[in-house]
Amino acid sequence: MIIRDRATSRLCRTLLHRALLGGTLLCSSSVIAQQSTGVASTAEEPRTTASIYLWITNVTWGFNNGSEVDVDSETVLENFDYAFEANLEHRRDEWLYGLDVVYADIGGNDTPDIPLPGSGTRVSSDVDFNSFTTIATGYVGYRLINSPHLQLYGTGGFRYSSFEGTLKFDVDDAGLSYRNELNEKQTDVVVGLRGEHNIDQNWSIPFNFDIGGGGSDLTWQAYGAIAYRFGQHTVSGGYRYMNWKLDSDSDELDEASYYGPMLAYSFHF
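All letters in the sequence shown, in the order written, are residues -33 to -1, 1 to 236 by mature numbering (1 follows the signal peptide of the UniProt record, and there is no 0).
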């Protein structure tokens, strides 16, 4: 009876060892098969984000003759003829590809009273202005930090900027008339950082900074916001600043700045 139990015990141990060995080989074969086919449990799905936004911007244009024009956000909103502002971004593994476009058509007129030189009288004038602004930035990024709380990419790309404007000033009572046209275009190389700090599952802080030059002496931008995500949707509010210092070949415009709060809606797919 004792001999039979020992034999049975040896048989059970032998079968158990073979079963464990077979299971180990099976698991190893599964891992090798996954690696050979490029399938990993930690692989990330490609993600695309489309965003539309409203940039409630102030505008400052500085000219080569030392004069400066400031247009506040209230005036811009009152004189919007058309605006399109959007961003498209695609992430795949460690890489990021994006395009940001701003186009604004602002036009309006005013009838301010101005003093006549050498007299104490004021006469009515007629001022018409129209401006077209186009800013397009294409960029590629590579992920530098990947953690549950921080995603950070180093980016590089190109920025095309176009500033066009027409200002017409008439004083009929004084027989004065003035017209000025502005047309400045440049393409710059830009490098920077773009990322997102995750506060929790829903709240995050997206940010972006870049700097560059080429067509202009210097261009840079900075952006920060607070965002709330629910499902495939994100809404955010933040502040954006963009600046250009144009080169000495610029006909009239010496510096341009656009800055103000921004509201955005994003869809992830």
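All C-beta atoms, glycine included, are put in the ideal place defined by N, C-alpha and C.
As the structure is a prediction and not an experimental result, all values here were calculated from the model.
* Pair within 8 angstroms by beta-carbon distance, glutamate 151 and leucine 220 -> For glutamate 151 and leucine 220, yes; Cβs fall inside 8 angstroms.
* **DSSP state of serine 40 mapped onto helix, strand, coil** => Helix at serine 40.
* Asked: Taking Cβ to Cβ, would you say valine 158 is nearer than 8 angstroms to aspartate 177?
  -> Yes, Cβ-Cβ distance for valine 158 and aspartate 177 is below 8 angstroms.
* Can you round the beta-carbon distance between glutamate 52 and tryptophan 22 to whole angstroms, since I take them to be within the 8 angstroms contact cut? -> With a beta-carbon spacing of about 6 angstroms, glutamate 52 and tryptophan 22 fall inside the 8 angstroms limit used to define contacts.
* To do: Indicate the three-state DSSP secondary structure (helix, strand or coil) for isoleucine 23 in the structure shown.
  => Coil.
* Under a three-way DSSP split, which group does phenylalanine 125 fall into? -> Strand.
* Between asparagine 175 and the rest of its own chain, which residues show a CB-CB distance below 6 angstroms, the 5 nearest in sequence each way excluded? -> Excluding residues up to 5 positions away in sequence, Arg161 and Tyr190 lie with their Cβ nearer than 6 angstroms to the Cβ of asparagine 175 in the same chain.
* Have a look at Gly105, Gly121 and Trp170 and flag the residue whose alpha-carbon is nearest the alpha-carbon of isoleucine 112. => Of the listed residues, the one whose Cα sits closest to isoleucine 112 is Gly121.
* Asked: Which residue comes first and which comes last in the beta strand (DSSP E) that contains histidine 200?
  -> DSSP places histidine 200 inside the beta strand (DSSP E), whose first and last residues are 200 to 212.
* To do: Would you mind working out which of Ser224, Ile73, Ile19 and Asn25 sits nearest glutamate 56, comparing C-alpha positions?
  => Ranking Ser224, Ile73, Ile19 and Asn25 by Cα distance to glutamate 56 puts Ile19 first.
* Taking all protein chains shown into account, do 16 or more other C-beta atoms lie within 10 angstroms of the C-beta of arginine 146, making it buried, or fewer, making it exposed? -> Counting Cβ neighbours within 10 Å, arginine 146 comes out exposed, since fewer than 16 surround it.
* Rounded C-beta distance between tryptophan 211 and serine 183? I'm assuming under 8 angstroms. -> About 5 angstroms separates the beta carbon of tryptophan 211 from that of serine 183, a gap short enough to meet the 8 angstroms contact definition.
* To do: Could you tell me if threonine 186 is buried or exposed, where buried requires 16 or more neighbouring beta carbons within 10 angstroms of its beta carbon?
  => That one is buried.
* When you compare each of Asp67, Val38 and Glu148 to alanine 17 by their alpha carbons, which one comes out closest? -> Selected option, being the one with the closest Cα: Asp67.
* Look at the alpha carbon of alanine 231 and the alpha carbon of serine 144, and state the distance between them as a whole number of angstroms. => Rounded to whole angstroms, the separation of the alpha carbons of serine 144 and alanine 231 is 42 angstroms.
* Of the listed residues Ala71, Asp60, Arg58 and Glu11, nearest to serine 40 (C-alpha basis) -> Of the candidates Ala71, Asp60, Arg58 and Glu11, Ala71 places its Cα closest to the Cα of serine 40.
* To do: Just the C-alpha distance for alanine 194 and aspartate 93, rounded to the nearest angstrom, thanks.
  => Cα-Cα distance, rounded: 44 angstroms.
* To do: My understanding is that glutamate 131 touches leucine 117, with C-beta atoms under 8 angstroms, so please give their C-beta distance in whole angstroms.
  => Not a contact, Cβ separation roughly 40 angstroms.
* Excluding sequence positions up to five away, which residues of its chain have a Cβ less than 6 angstroms from the Cβ of aspartate 37? -> Thr27, listed in sequence order.
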